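Structure first, commentary second.
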Amino acid sequence: MDRFPDELLVKTLGHLDFKDVATMRRVNKRFAEVGAEVLVRRVRFHFTKESLTRLKDIANHPVLSKNVESVVYEGNILANVACIHAYAAHYDLDHHHLDHPAPPSDDASDRESRLYARNMSKFANEISARFDNYRNLFQAQQELIEAPDLPTSLPHFPKLKKVVLFTVGRCKHVLSDRFLKAFATGCAMPVEHDTYYSKGQLKFLLFRHGRPVTTLEHLEAHVVSPKFFTGFLPRESLCQVFANLRVIELRLRLEKDHHRDLDLTTVERCYSGLSKGILRDCLASATKLEKLTVNFEDYGFYGPCTNLKNVLGDHSWPNLTALDIDCMSATQDQLITILTRQPALRDLRLGFFVLTAGKWTDTTRQMQTKLKLDMFCPTGLLEDPDCMYPMSLIQKSTYLLNFARLTMADALSFFVTELNSNDDYHPLEDESFADPELLRDEFGPFSDSESEDDDPMDCD
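See below:
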């Protein structure tokens, strides 16, 4: 193997597990450097003092730091569950029913009843201990937030191309062992829903000592406050960060104070800061952009959050192949003009999109003739001044005759990407589509095995 070129060694070691690569690194200096490239191309850290220290140690290592290409920040902050009763209520949910001691039967003996009482007492003590542990973890995070020596920027990694921020709870199957050990709360971790801190966390990844990181090609933020793009940082500096990005995935959520305002005002007013155009200018500066996602995640659809022009403007990206946008509004002419301006667009995803003028039937016909889409994925609702089209509706005849679901989204996707434009048929005008719940109530499930429990686990 000493005669192998470095490229082949990297490929070979890439097929080994962590321990085997660590063993190979002990053979000689060359294997140590190649092994380091395999082990630390991707660094994942979370919001604890120990994890931030480990990140700094990797950055200061003369070999490891040179091979890091991707950094993932698990920026979850624990919610302030101040009362043990609120914490214990979580264990009353269905997915924790096996944690509770089994109650005795109606004809149980006195001994079985006493045993159940003792087990319930032990269970209550265990919940109390878990709550104390949770409060300790919460306090440690709060102290870290206020710590004067808290790092304000990501250490330098010469080959860094990709940064990812997660501030949302995720399935434990995609989290690292270090994360699970650091937050061993005994149950699903209650995560703070307020995105107030997300602005600083994203700044931590994108700015080094106040200067923009300009080498990035891939940026993901799940989720971040829209205030990050309303003057939190200088427009020019943000545009420098975005200049070389090829993949951008932004999921926005209002901060808690603004989220409360949804009961009093419109969601578009809450997102009015986007009309300043900072986000639009940032995206426009990404001249090499290939994939773009801008979604709004506010625990429900409250209406369009902003106009499409506030996000995409009148810009054209020659290499943009995939576009995913939701919860926005535009006129029919605006939407078609913006889409036809993207010459390489092949994958379009629209969700909860509102046309303020025009019709979706005409819009999708123009998509069919003017765009060259390989994939069109409409989700949620498509709304225009005359109609509202739920994409979850299913075709009645297919449901009854072929034992299958053909959703409005499926039919519309096929119409835009495949169906002959000379055909007068349009799925949005097809009255045979109906609510799946109504069909199920009227005709029953199409399969004996149909169950929501059969859905695959989402580990994204």
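Residue numbers (the UniProt record's numbering): 1 to 460. Cβ atoms here follow ideal geometry from the backbone N, Cα and C, with glycine treated the same way. Quick caveat, the model's predicted, so the values are computed rather than measured.
Exposure label - leucine 93; buried when at least 16 CB within 10 Å: exposed
Among residues of its own chain, excluding the 5 on either side of phenylalanine 228, which ones have a beta-carbon nearer than 7 Å to its beta-carbon? Lys199, Leu202
Please state whether the Cβ-Cβ distance between cysteine 327 and aspartate 281 is less than 7 Å. no
For leucine 381 and methionine 375, which I take to be in contact (beta-carbon distance under 8 Å), what is that distance rounded to the nearest angstrom? No, leucine 381 and methionine 375 are not in contact; Cβ-Cβ is about 20 Å, not under 8 Å.
At which residues does the alpha helix (DSSP H) containing methionine 408 begin and terminate? 408-417
Simplified DSSP state of cysteine 265, which is helix, strand or coil: The sequence shown places threonine at residue 265, rather than the cysteine named in the question. Residue state, collapsed to three classes: coil.
Counting C-beta neighbours from all protein chains within 10 Å, is the total for glutamate 452 16 or more, i.e. buried, or is it exposed? With a pLDDT of 46 at glutamate 452, under the threshold of 50, the modelled position of this residue cannot be trusted; read the value that follows with caution. It counts as exposed.
Is the beta carbon of glutamate 112 less than 7 Å from the beta carbon of proline 103? no
Considering only residues of the same chain and omitting the five flanking positions on each side of valine 416, which have a CB-CB separation below 7 Å? Thr364, Met367, Gln368, Leu373, Phe376
Straight-line gap, proline 252 to serine 121 (C-alpha atoms, nearest Å): The sequence shown places leucine at residue 252, not proline. If I take the Cα positions, the gap works out to 44 Å.
Using the beta-carbon count (16 or more within 10 Å), is leucine 128 buried or exposed? Correcting the residue identity first, residue 128 is serine in this sequence and not leucine. With fewer than 16 other Cβ atoms within 10 Å, it is exposed.
Looking at valine 10 and glutamate 37, is the spacing between their C-beta atoms short of 7 Å? yes
Where the beta strand (DSSP E) through leucine 348 begins and ends: 347-357
By alpha-carbon positions, which one of Phe352, Phe353, Ala284, Thr321 ends up nearest to threonine 340? Thr321
Output yes or no for whether 7 Å exceeds the beta carbon distance between serine 70 and lysine 181. no
Beta bridge counterpart(s) of leucine 323 as assigned by DSSP: Leu292, Leu348
Following the continuous alpha helix (DSSP H) through threonine 379, name the residue where it begins and the one where it ends. Taken as a continuous stretch (DSSP letters only), threonine 379 belongs to no alpha helix (DSSP H), being part of the beta strand (DSSP E) at 375-383.
Reduced DSSP category for glutamate 431 - H, G, I as helix; E, B as strand; rest coil: coil
For glutamine 139, count the other beta carbons within 10 Å of its own beta carbon; 16 or more makes it buried, fewer makes it exposed. Which is it? exposed
Hey, which unbroken runs of the alpha helix (DSSP H) at 4 residues or more fall wholly within the stretch 218-292? 235-242, 256-260, 267-270, 278-285
Tell me threonine 331's beta-bridge partners as DSSP assigns them. Ala357
DSSP beta-bridge partners for glutamine 395? Phe433
Drop a sphere of 10 angstroms on the beta-carbon of aspartate 194, count the other beta-carbons inside from all chains shown, and report buried for 16 or more, exposed for fewer. buried
Helix, strand or coil at valine 27 according to DSSP, with G and I counted as helix: coil
Sort Pro427, Phe131, Ala286, Asp324 by Cα distance to tryptophan 360 and report the nearest one. Pro427
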